[in-house]
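Oh and the sequence shown: position 157 is 139 in our numbering, straight run, nothing missing. Don't be surprised by glycine CBs; every beta carbon is placed ideally from N, CA and C. Here the structure is a predicted model, which means the values were calculated and not measured.
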Amino acid sequence: MASTSAPDPAIQEILDFWFGMNPQDWFMGGPNQDKIITERFSHLVEKARLTDELDKAWTSTPAGSLALVLLLDQFTRNIYRVGNHPEPGLSFSGDAKALRVASQAIAKGYDRQMQKDNASKMLMGLPFRYFFYIPFMHAEDLAAQVACGALYEVMKQELEVSKAKREAEGRAETEEEKQVGEAINAGVDFAKKHLDCILAVGRFPKRNEPLGREHKEVDKEWLEKYPDGF
């Protein structure tokens, strides 16, 4: 009988840490969160970023794929925080690989599987699906941005189907269902803003300085128009 190796315990550690925190801290965490992530996970981020050591074993499961995406797409932004790290360009150094891992995972249905497997947890498991899509939003690539918008629109359509079913049953919307709807609509809106930037500029101008890129005139015009943009 062929033996199957047990999952790397680091996978569950990453997921428990990330999805155990206050959702506001995913995108608005401060120096303390950056410090914790650096201390606990920087060795794994470096391994994921610079080697293929984790790739085969981790990408063979939905949970492992999501954990790898988080290391490459989220934890890099904490560890190499722009404004706080001497090499801020490293914040984006895992993006290309994160997009590749996320694309392969979605093709296998891992995004939906993770939501289903965690449906009893926060927001009916939505965040476990949501974070597979963020690498598309982070990509300075038009095709990836179009795909990102489509992925969020699918979730919005599913939300409308659920709403129609609920109304047909005469059932009131729960607070959690309301929060899920708000999260999906926010994702759709945020995806559109990223797409608009790539359509207009072709890249995210706020990355120019940390990446050592020269500002073009179109970059300057965009930042003047949208100072809180990307």
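Of V27, E158, E196 and A173, the smallest CA-CA separation from S102 is found for E158. Of F57, G152, F113 and L(-3), the smallest CA-CA separation from G12 is found for F57. Pairing T41 with L50 gives a Cβ-Cβ distance under 8 Å.
Put simply, the backbone Cα of R63 is about 19 Å away from that of I(-4). Classified as buried, N60 has 16 or more neighbouring CB atoms from the shown chains inside 10 Å of its CB.
Excluding residues up to 5 positions away in sequence, A126, A129 and C130 lie with their Cβ nearer than 6 Å to the Cβ of F118 in the same chain.
A distance below 6 Å between beta-carbons, with the five flanking residues on each side excluded, links F23 to the following residues of its chain, in chain order: F57. Distances from the alpha-carbon of A121 to those of L205, D99, S75 and Q161 put S75 closest. Inclusion of L48 and F114 in the CB contact set at 8 Å is warranted, their separation being smaller than that value.
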